[in-house]
């Protein structure tokens, strides 16, 4: 029988929250939910849950909606590795479970297989409902998991000494050098002159 | 008179959503809300809003709650620069507004000043309500902004060719080399043997 909840949340509610937060109904966030449920169940209850996402695409938003870990509270870290995988771990005990989408598990699930293998090219997509039904029927068949240990928590707990940049006067972490990264030339923007 | 809304959201509702999502009432997310409101107002309405946060701390969660831009949908980018600043921009026109907390604007706001200057050391914090009242009274006095242009959208729109790693069999972006980053040695975890 098709599952009705993911991480204790009613699937229909999760899909609505997905649209509100993420902007659209994302197959990756649905599979992400299955991965998070699998990992956290295997890890067991902990008040010290942290998550590492190994891709910037979709998966971080599943973590942010289904766990207490967000980007801004520091309990979710994201690596731009392009791997559809995540690790849930206890930041106190430093043990965790890494969960990943297993390509071998996609046989028999043609819509998921097609979704996962596409390289981002725009082509006709199946209706979300059809893909979702496949995901919910497949559940844990899609994924593999393994117990892991982290050498240290990825969240830096030490205070970061800050000061004011002598060039732009803004506050920055002193470990970056005598001026902030922007004033060292790492800018992503150009000033519009005469438009303060 | 003290403001009652931030980015069109009732302040009391925003604080509740902050606790639910971020886990606690964050002065940084309140100031972040003022910054986002200032930047988006100056930028003007656009269906193509993107945001760059220049710190990983708190500010990204303000963006995710108050704009359609999230980490997982790719419309919010985060730089680990340790600067309490963000840029809202139109990803189509590539013009934007950079907004930052201006240390010179903190005079006359002792609680905000103390919050901003602390280096993360644990010490007695003022009640959130007192700090929040100062932030809401200060509003745009706390920040500076400037029009900027981006040379290009930070979100990569091109398809990323992927393949299967010959070592771990997982999918990864081929541009990273003949094997995935984890199999190249960039691991943050140790395998627990005998625990597949």
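Residue numbers (my numbering), protein chains in the order written: chain A, 1270 to 1465; chain B, 1270 to 1465.
All C-beta atoms, glycine included, are put in the ideal place defined by N, C-alpha and C.
For clarity, every value in this text was computed on a predicted model and none was experimentally measured.
{"Check": "By how many angstroms is the C-alpha of residue 1355/B removed from the C-alpha of residue 1272/A?", "Outcome": "41 Å"}
{"Check": "Which residues in chain A have a C-beta closer than 7 Å to the C-beta of residue 1342/B? List them in chain order.", "Outcome": "1291, 1292 and 1330"}
{"Check": "What number of angstroms, rounded off, separates the C-alpha of residue 1388/B from the C-alpha of residue 1295/B?", "Outcome": "Confidence in residue 1388/B is poor, its pLDDT being 46 and thus under 50, which makes the residue's placement unreliable; the coordinate value appears in the next sentence. The alpha-carbon atoms of residue 1388/B and residue 1295/B are separated by roughly 16 Å."}
{"Check": "Could you tell me the boundaries of the beta strand (DSSP E) in which residue 1458/A lies?", "Outcome": "Premise fails: residue 1458/A is in no beta strand (DSSP E) and is neither H nor E."}
{"Check": "Do residue 1380/A and residue 1403/A have their beta-carbon atoms positioned less than 9 Å apart in this structure?", "Outcome": "yes"}
{"Check": "Excluding the 5 residues flanking residue 1384/B on each side, which residues of the same chain have their C-beta closer than 7 Å to its C-beta?", "Outcome": "1296 and 1400"}
{"Check": "Could you pull out every residue in the same chain whose Cβ sits closer than 7 Å to the Cβ of residue 1429/B, ignoring the five residues on either side in sequence?", "Outcome": "1442"}
{"Check": "Using a cut-off of 8 Å between C-beta atoms, extract the partners of residue 1354/B located in chain A.", "Outcome": "1439"}
{"Check": "Please state the DSSP three-state secondary structure of residue 1332/A.", "Outcome": "helix"}
{"Check": "Closer than 8 Å between beta carbons: that is the criterion. Which residues of the region 1417 to 1429 of chain A meet it against chain B?", "Outcome": "1417, 1418, 1419, 1420, 1423, 1427, 1428 and 1429"}
{"Check": "Starting from the Cα of residue 1415/B, find the closest Cα among 1322/B, 1364/B and 1346/B and give me that residue.", "Outcome": "1364/B"}
{"Check": "Pull up the distance between the alpha-carbon of residue 1413/B and that of residue 1304/B, whole angstroms please.", "Outcome": "9 Å"}
{"Check": "Report yes or no: is there a C-beta of chain D within less than 9 Å of the C-beta of residue 1371/A?", "Outcome": "Among the protein chains in the structure shown, which are A and B, there is no chain D."}
{"Check": "Does the separation of the CB atoms of residue 1320/A and residue 1344/A fall below 9 Å?", "Outcome": "yes"}
{"Check": "With DSSP as the reference, please indicate the residues paired to residue 1475/B in a beta bridge.", "Outcome": "As displayed, chain B neither begins before 1270 nor continues past 1465, which places residue 1475/B out of reach and without an answer."}
{"Check": "Would you call residue 1549/A buried or exposed, if buried means 16 or more other Cβ atoms sit within 10 Å of its Cβ?", "Outcome": "The displayed coordinates of chain A run from 1270 to 1465. Any statement about residue 1549/A would go beyond what the structure contains."}
{"Check": "With a threshold of 16 other CB atoms inside 10 Å of the CB of residue 1440/A, please say whether the residue is buried or exposed.", "Outcome": "buried"}
{"Check": "Can you tell me where the beta strand (DSSP E) holding residue 1283/B begins and where it ends?", "Outcome": "Segment 1280 to 1291 is the alpha helix (DSSP H) holding residue 1283/B; no beta strand (DSSP E) there."}
{"Check": "Which whole-angstrom value is the C-beta distance of residue 1315/A and residue 1359/A, which I expect to be below 8 Å?", "Outcome": "4 Å"}
{"Check": "Would residue 1293/B pass as a contact of residue 1427/A if the rule is Cβ separation under 9 Å?", "Outcome": "no"}
{"Check": "Is any beta-carbon of chain A found at less than 9 Å from that of residue 1388/B?", "Outcome": "Confidence is the limiting factor: at residue 1388/B the pLDDT is only 46, short of 50, which leaves the residue's position unreliable and the question unanswerable from this model."}
{"Check": "Kindly give me the distance between the Cβ atoms of residue 1351/B and residue 1331/B, rounded to whole angstroms, as I take these residues to be in contact under 8 Å.", "Outcome": "Their Cβ separation, rounded to whole angstroms, is 17 Å, which puts residue 1351/B and residue 1331/B out of contact at 8 Å."}
{"Check": "Considering residue 1297/B, what are the terminal residues of the alpha helix (DSSP H) in which it resides?", "Outcome": "1296 to 1312"}
{"Check": "Since I believe residue 1340/A is in contact with residue 1329/B (beta carbons under 8 Å), could you give me their beta-carbon distance rounded to a whole number of angstroms?", "Outcome": "5 Å"}
{"Check": "From 1287/A, 1449/A and 1445/A, pick the residue whose C-alpha is nearest to that of residue 1435/A; which is it?", "Outcome": "1449/A"}
{"Check": "Give the DSSP-derived three-state secondary structure of residue 1389/B in the structure shown.", "Outcome": "Bear in mind that the predicted position of residue 1389/B carries a pLDDT of just 47, short of 50, making it unreliable; the figure below should be weighed with that in mind. Residue state, collapsed to three classes: coil."}
{"Check": "At a Cβ threshold of 9 Å, is residue 1348/A touching chain B?", "Outcome": "yes"}
{"Check": "At what residues does the alpha helix (DSSP H) containing residue 1344/B begin and finish?", "Outcome": "That residue, residue 1344/B, is in no alpha helix (DSSP H); it is neither H nor E in DSSP."}
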